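Shown next, in structure tokens, is the structure this report addresses.
Residue numbers (our numbering): 131 to 379.
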């Protein structure tokens, strides 16, 4: 009778041994003796619990392994009568294996994309660091006078990169005076002011006089709370300061 059933059908004993199977079951799953060996490892515990604790089940889903080694998602229907279990499997989708493969492929591509994005982010950070670093170059005007023209909006990150560069250059040049030129600066973020003060203090500890050039009203307001602390000269024109310095020497 079971051979007339157009679905994978099994008759099992209490130890999950297969007593009978339909032709469809044999064609799809082969002729294993133990039913649980047909169940995918990830579903085996679930299958064992269902078959040993429930008198009947309708529509539970298990991953089964076909005779060809493919994973098939199946709805399981079974009922126990005395010591025998009648069990029918209904494949949920013939394309389950294809869907699983597609999902695996998508995940692999996402992983590749994430790694590429990580590499691009690192590259962008390096480019931004270099751009920030050279937004305040150190220029030797004379052997005793240096100029640091600042450009763009000053953020703590940008000024920290500038500071690393100009301190090295200043230490090598050993000028007597440095002009910090703010003519090309847009806004100065409030968090940047302590970093700027730290840079100026570092120069002063090296015995270098600092002159601030080209401050806008907004710059002056940002630095006003630190005016007494900084004790620096403020001038309008870098050209005039340079001329006066050269003439004095």
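Ideal placement from N, C-alpha and C gives every residue a C-beta, glycine not left out.
The structure displayed is predicted, hence computed values, not measured ones.
Suppose contacts are defined by Cβ-Cβ distances below 9 Å. Is residue i in contact with residue j by that definition?
| i | j | result |
| --- | --- | --- |
| residue 266 | residue 279 | yes |
| residue 329 | residue 297 | yes |
| residue 217 | residue 140 | yes |
| residue 138 | residue 155 | yes |
| residue 289 | residue 322 | yes |
| residue 371 | residue 349 | no |
| residue 341 | residue 325 | no |
| residue 343 | residue 317 | no |
| residue 213 | residue 143 | yes |
| residue 166 | residue 157 | no |
| residue 373 | residue 327 | no |
Using the DSSP secondary-structure output, state which residues sit across from residue i in a beta bridge.
| i | result |
| --- | --- |
| residue 193 | 203 |
| residue 143 | None, per the DSSP bridge assignment. |
| residue 269 | 277 |
Classify residue i as helix, strand or coil using the three-state DSSP reduction.
| i | result |
| --- | --- |
| residue 346 | coil |
| residue 137 | coil |
| residue 374 | helix |
| residue 226 | Reliability fails at residue 226, whose pLDDT of 46 lies under 50, so the model's placement of it is uncertain and no value is given. |
| residue 282 | strand |
| residue 333 | helix |
| residue 325 | helix |
| residue 361 | coil |
| residue 188 | strand |
| residue 150 | strand |
| residue 165 | helix |
| residue 356 | helix |
Specify, as a first and last residue, the run of the alpha helix (DSSP H) that residue i falls within.
| i | result |
| --- | --- |
| residue 299 | 286-303 |
| residue 172 | 171-183 |
Excluding sequence positions up to five away, which residues of its chain have a Cβ less than 7 Å from the Cβ of residue i?
| i | result |
| --- | --- |
| residue 225 | Confidence is the limiting factor: at residue 225 the pLDDT is only 48, short of 50, which leaves the residue's position unreliable and the question unanswerable from this model. |
| residue 339 | 306 and 307 |
Tell me the residue span of the beta strand (DSSP E) that contains residue i.
| i | result |
| --- | --- |
| residue 218 | 214-221 |
| residue 380 | The requested residue 380 does not occur in the structure, where the chain is confined to residues 131 to 379. |
| residue 316 | 307-318 |
Here's a check: name, in chain order, each residue in its chain whose Cβ is nearer than 8 Å to the Cβ of residue i, leaving out the five neighbours to either side.
| i | result |
| --- | --- |
| residue 170 | 192, 193, 194, 195 and 201 |
Just to confirm, does residue i get its C-beta within under 8 Å of one of the non-hydrogen atoms of the ligand FMN?
| i | result |
| --- | --- |
| residue 319 | No copy of the ligand FMN appears in this structure; indeed no ligand is present at all. |
Return the chain-ordered list of same chain residues with a C-beta closer than 6 Å to the C-beta of residue i, the five sequence neighbours on each side being excluded.
| i | result |
| --- | --- |
| residue 221 | 202 and 204 |
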